[in-house]
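Please read the structure below before turning to the comments.
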Amino acid sequence: MKYKRILLKLSGEALMGENQYGIDPQRLSEYAQEIKKIHALGVEIAIVIGGGNIFRGVAGASKGMDRVQGDYMGMLATVINGMALQGALEDAGMLTRLQTALKIEEIAEPYIKRRAVRHLEKNRIVIFGAGTGNPYFTTDTAAVLRGVEINADVILKGTRVDGVYTADPEKDPNAVKYESITFTDVLAKGLNVMDTTAFTLSQENQLPIVVFDMNKENNLLKVCQGENIGTTVY
Ligand code: UDP
1 MKYKRILLKL
11 SGEALMGENQ
21 YGIDPQRLSE
31 YAQEIKKIHA
41 LGVEIAIVIG
51 GGNIFRGVAG
61 ASKGMDRVQG
71 DYMGMLATVI
81 NGMALQGALE
91 DAGMLTRLQT
101 ALKIEEIAEP
111 YIKRRAVRHL
121 EKNRIVIFGA
131 GTGNPYFTTD
141 TAAVLRGVEI
151 NADVILKGTR
161 VDGVYTADPE
171 KDPNAVKYES
181 ITFTDVLAKG
191 LNVMDTTAFT
201 LSQENQLPIV
211 VFDMNKENNL
221 LKVCQGENIG
231 TTVY
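Each residue of the sequence shown is one higher than the one before, starting from 1 at the first, in UniProt numbering.
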């Protein structure tokens, strides 16, 4: 396997499946099966999940809600998704722990780096909920932060696009996919991989990011085996 310890970032929107909002149980169990394939091969897996399928702070603020209030609601949304994913992974036979950046101790452990690492060493899948625990951040930033903290080998950003393109492939038919690209080139070309805070944190800590399509069967496995199916930012 190319990677021993990964930080998998899943967006909240991915969990909607074909629906317009919420959580699609079918999609959840598909993800659990994909994750099981790499777990069985001994990859240590930490996951950060977004909350965009339920609530985004910015969306609330645009309708007059206090931004900080909205952001905390968004963080709670990621905990709901984390619990759903935890259930699906355990249904599929894996051991998991949910750790949250905001304390909700009846349902999750508080985030403690040393404990998280110990869980990983024992082959438990660790899901990090509530983002960074701070408003004005995103779950992409939480993913890179946790990835750096636990010494992950890579951030795997599973999305519905299969990599980083010269232009938005959903708008420009001539857009070409990069197999790999440096952090510096992403910035120079003004490409969008993650928000600036997340991206800079990754660059400063030389933690590579692989952007790939999580919705294709075996893609997560292929990425972990070193097959270049997405785009590696290094
Ligand atoms: N959020 C936050 N701080 C964090 C992570 C998330 O305030 O550290 C809030 C923010 O309002 C964000 C929402 O949680 O809009 C959901 O996260 P995100 O939009 O990153 O989820 P995704 O787009 O990956 O589904």
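Ideal placement from N, C-alpha and C gives every residue a C-beta, glycine not left out.
Residue range of the beta strand (DSSP E) that Ala46 falls in?
That run of the beta strand (DSSP E) goes 44-49.
Compute the minimum distance between the beta carbon of Ser11 and the heavy atoms of the ligand UDP, and state whether it is under 7 angstroms.
In this structure, the ligand UDP has a non-hydrogen atom nearer than 7 angstroms to the beta-carbon of Ser11.
Just to confirm the assignment, what range does the beta strand (DSSP E) spanning Lys9 have?
Note, Lys9: beta strand (DSSP E), 5-10.
Is the CB-CB distance between Leu156 and Val210 below 8 angstroms?
Cβ atoms of Leu156 and Val210: closer than 8 angstroms.
Looking at Gly74: is its Cβ nearer than 8 angstroms to the Cβ of Leu102?
Going by beta carbons, Gly74 and Leu102 fall outside the 8 angstroms limit.
DSSP-derived helix/strand/coil call for Pro25:
DSSP, read as helix, strand or coil, puts Pro25 in helix.
My parser needs the alpha helix (DSSP H) runs of 4 or more residues fully inside the stretch 56-94; what are they?
Correct list: 57-62, 67-91.
Among Asn215, Arg67, Gly12, Ala142, whose alpha-carbon lies nearest the alpha-carbon of Gln99?
Of the candidates Asn215, Arg67, Gly12, Ala142, the one whose C-alpha sits nearest the C-alpha of Gln99 is Ala142.
Counting Cβ pairs closer than 8 angstroms, one from the stretch 2-21 and one from the stretch 53-66, do we hit at least three?
Here the stretch 2-21 makes contact with the stretch 53-66; the two share three or more CB pairs at distances below 8 angstroms.
Taking Thr78 and Leu89 to be in contact with their CB atoms under 8 angstroms, please state how far apart those CB atoms are, rounded to whole angstroms.
About 16 angstroms separates the two Cβ atoms, so there is no contact after all.
The ligand UDP and Pro208: does any heavy atom of the ligand fall closer than 7 angstroms to the residue's C-beta?
For the ligand UDP, not one heavy atom lies less than 7 angstroms from the Cβ of Pro208.
Determine the closest residue to Lys106 out of Ile45, His39, Gly163, Met83, with distance taken between C-alpha atoms.
Note on residue identity: the sequence assigns Glu, not Lys, to residue 106. Relative to Glu106, the option among Ile45, His39, Gly163, Met83 whose CA is nearest is Met83.
Between the stretch 142-151 and the stretch 159-178, can you find at least three pairs of beta-carbon atoms closer than 8 angstroms?
The stretch 159-178, when compared against the stretch 142-151, does not touch it at the 8 angstroms Cβ threshold.
Are Tyr178 and Thr138 closer than 8 angstroms when you measure CB to CB?
No; because the gap between Cβ atoms is not below 8 angstroms, this pair is not in contact.
Would DSSP call Gly230 helix, strand or coil?
The answer is coil: DSSP assigns Gly230 none of H, G, I, E or B.
Compare the beta carbon distance of Met214 and Gly158 with 8 angstroms and say whether it is the shorter of the two.
Yes, they are a contact pair.
Give a single yes or no on whether Gly70 has its beta carbon closer than 7 angstroms to a heavy atom of the ligand UDP.
Checking every heavy atom of the ligand UDP against the Cβ of Gly70, one is found closer than 7 angstroms.
Near Asp153, which residues of its chain fall below 7 angstroms by C-beta distance, leaving aside the five closest residues on each side in sequence?
Cβ contact annotation for Asp153 (same chain, cutoff 7 angstroms, sequence separation greater than five): Tyr3, Lys4, Arg5, Ile6, in chain order.
For Ala46, which residues of its own chain have a beta-carbon under 8 angstroms away from its beta-carbon, when the five flanking residues on both sides are left out?
Excluding sequence positions up to five before and after Ala46, its CB lies within less than 8 angstroms of the CB of Arg5, Ile6, Leu7, Leu8, Ala116, Leu120, Ile125, Val126, Ile127, Phe128, Arg146, Gly147, Ile150, Ala152, all in the same chain and listed in chain order.
Where does Gln26 land, buried or exposed, given buried means 16+ other C-beta within 10 angstroms?
Classification for Gln26: exposed.
Work out the CA separation of Ala188 and Ala92 for me, nearest whole Å.
Using only the alpha carbons, I get a separation of about 43 angstroms.
Going by the beta-carbon positions, is the gap between Ile38 and Leu221 smaller than 8 angstroms?
Contact: yes.
Are there any heavy atoms of the ligand UDP lying less than 7 angstroms away from the beta-carbon of Gly158, as far as the coordinates show?
False, no ligand heavy atom lies under 7 angstroms from that Cβ.
Determine the DSSP secondary structure at Asp213, reduced to helix, strand or coil.
Residue state, collapsed to three classes: strand.
How far does the beta strand (DSSP E) with Leu98 in it reach, from first residue to last?
Counting along the chain, Leu98 sits inside the beta strand (DSSP E) bounded by residues 96-100.
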